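Participant: Here the sequence shown is numbered in our numbering, starting from 56 and rising by one per residue.
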Amino acid sequence: MTGSGLKQKVARLRQAYAPHEYRPLGGYLAAMGTYGAVTASLVGLVKATGRPVPERPAPSDVVLLAIATHKLSRLLSKDAITSPLRAPFTRYDHPIGSGEVMEQVRDQGSPTRHAVGELLSCPFCLAVWVATGLTGGLVLAPRLTRLVATALTAVAASDFLQMGYAMAQQAAEGGHRKE
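1. So, with DSSP's three-state summary, where would you put Y83?
2. Using 10 angstroms around the beta-carbon of L119, count the other beta-carbons present and answer buried if the total reaches 16, otherwise exposed.
3. Where does the unbroken alpha helix (DSSP H) through I122 begin, and where does it stop?
4. Could you check the C-alpha separation between S132 and V171 for me, to the nearest Å?
5. Taking the CB atoms as reference points, tell me whether A186 and T124 lie closer together than 7 Å.
6. In whole angstroms, what is the alpha-carbon distance linking G154 and W184?
7. According to DSSP, is E158 part of a helix, a strand, or is it coil?
8. Taking the straight line between their C-alpha atoms, what separation do you get for L193 and P114?
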């Protein structure tokens, strides 16, 4: 098959997949390939270092990493302070409260840029990458990973306490906030 024949096939596939909306399939493939390469590198590093892989992670580690994954994913994808990391791929839209912002993916540029923008602005999408990194860290550097995950978990718990306190304060004031 010639290069132009392959391009036509890919164009037809893209059109058939999403006829009324732009979906950067090539960018998604690049992101999936990168994720696969990162995961394979982690596996290779674990094998090269001879670190033991637990047959079954401790339930306490699973809970710790779950909460840390939630917090780090939101921190990277929504926090106003980390917006410079997302700025090449997203555009600021509006604040969404508690120090978080809503951003729109930049459609100009390459399909890869678009896919990275979607990944970086979606805490659910980013959680897969964060969990993979933390899980790899749990095998390669368990003490340090648990320490970092503990800090992230403490921040997540603090966030919920802050929101609960604000709701209780608002209820005590009869639903009126004083600014």
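Note that beta-carbon positions come from the ideal geometry of N, C-alpha and C, so glycine has one too.
Nothing here was measured: the structure is a model prediction, and the numbers come from that model.
Facilitator: In this structure, then:
1. helix
2. buried
3. 114 to 133
4. 11 Å
5. yes
6. 23 Å
7. strand
8. 13 Å
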